[in-house]
Amino acid sequence: YMQLHKSFLDYGMRERLSGFYFYSTFFRQAEMEANKITNAYCIFSPKEPLCGHPNIQHGGATATIIDQNAGVLAMIYSYELVATSELNVRYLKPVKKGQTYAWHGEVARRDGRKIYIKSNIV
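Numbering (the numbering used here), first residue to last: 8 to 129.
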């Protein structure tokens with residue numbers, strides 16, 4: 008139900024990025040080459056089946072996008088399998104059907120085995 012494609016990068020991120028996709032999560036090539044991945048991106052456009060209210064994506068679908076992409080970032084950052092122990096989402100405005108959005112996640116810190124990812128959707 009998600010429309011994911013590299014051609015949305017220039018529109019969604021407002022910059023040219025070179026890199027690669029892994030399970031629809033995008034990583035910058037420069038970070039890959041330096042073996043220091045701390046940022047990830049995902050471009051998406053909600054479709055009707057994900058809407059809880061007319062033309063507005065269900066909050067659970069939005070949380071799933073955040074959780075999935077943050078998990079992939081944490082795995083690639085740590086070189087380990089990971090699981091979400093806590094997910095806090097603050098919804099500031101609706102994610103509307105048919106519009107293109109960009110999720111950006113960044114490793115904020117690591118505390119022992121815990122990895123904290125800060126993210127937003129624009």
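For glycine and all other residues, C-beta sits at the position ideal for the given N, C-alpha and C.
The way I'd put it, the segment 109-124 does touch the segment 74-93; three or more beta-carbon pairs between them come closer than 8 Å. Secondary structure note for S85: its alpha helix (DSSP H) is the uninterrupted segment 66-85. Shown here, E38 sits in a helix according to DSSP, grouped into three states. Bounds of any beta strand (DSSP E) do not take in A90, whose DSSP letter is neither H nor E. For T91, the closest C-alpha among the options H111, I72, E38 is that of I72. About 5 Å separates the beta carbon of A109 from that of I50, a gap short enough to meet the 8 Å contact definition. R120 and D74 have their alpha carbons spaced roughly 18 Å apart.
Straight through space, the alpha carbons of V114 and T69 are spaced by roughly 19 Å. For R97, DSSP assigns no beta-bridge partner whatsoever. Close CB contacts of G66 within its chain, under the 8 Å cut and outside five residues either way in sequence, are with G59, V96, Y98 (chain order). Here the alpha carbons of I63 and V89 stand approximately 30 Å from one another.
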